[in-house]
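Here is the structure we will look at, set down as structure tokens.
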DNA sequence: GCCCAGGAGCCCG
DNA sequence: CGGGCTCATGGG
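In the working numbering, the protein residues as written are 1100 to 1324.
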């Protein structure tokens, strides 16, 4: 069922080509971040987009680029108040400024080269130890920056698949993630594309007020009628 | 004006 | 452990 829904979404929306922002080619899956700077951009972006529209987060990422702040040392040097000003468009800018500096500190202590060698479980725990990185942000970083196979769960994932009837809305993050891990092959590319498609589908049809009538997967869905 | 967006932390019972 | 609150901008 999960695989069928994936196929349907992919056929309809096409590959989403998520991350990073400043890539040259667009839509097809570009293979993900190639340079360390691109990885950094994904990591910072994962924080900036927390509970925020991608449009607003993207503006902040562009601003970070413009100010040469996609850089661990410069991120550590800049004063939090000044940083907050730069990322204003992403909302929660005071909190996020601290969060960005927190990740930068982690990356200073544990460079990407080192993190890449860790097994996923340890990597995840390390990321979760940072203030401002919760489960979804940690997994987004693991999947989209380090390109290791973890399934990212967000409010959209819960919304769509609880409506479909495959999961209970009240199950917690790790529980929902285990469900997807148990049903799908642990394939980085699949997880990458699936999560992006889920986001796209939630925006187009599976909104808070769902548009079931024209939904492209309503034949799979329990809530649709 | 209201609602929502690719969450996380903290507090409270 | 679950529920409610705070953080904040910009677009519909």
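Each residue gets a CB set at the ideal place from its N, CA and C atoms; glycine is no exception. Every value quoted in this text rests on a predicted model; they were computed, and no experiment measured them.
- Within the same chain, Cβ atoms closer than 6 Å to the Cβ of residue 1246 are found at 1131, 1287, the five residues on either side in sequence being excluded.
- Comparing C-alpha distances from residue 1208 to each of 1110, 1172, 1274 shows the shortest one belongs to 1172.
- As the crow flies, the alpha-carbon of residue 1147 is around 9 Å from that of residue 1191.
- Between the alpha carbons of residue 1117 and residue 1307 lies a gap of roughly 23 Å.
- Distance from the CA atom of residue 1236 to the CA atom of residue 1258, rounded to whole angstroms, is 18 Å.
- In the displayed model, residue 1251 falls within coil according to three-state DSSP, outside both helix and strand.
- In the structure shown, residue 1320 adopts coil according to DSSP, grouped into three states.
- Looking at the backbone, the Cα of residue 1151 and that of residue 1276 are separated by about 22 Å.
- Of the residues 1214, 1252, 1240, 1194, the one whose Cα lies closest to the Cα of residue 1293 is 1252.
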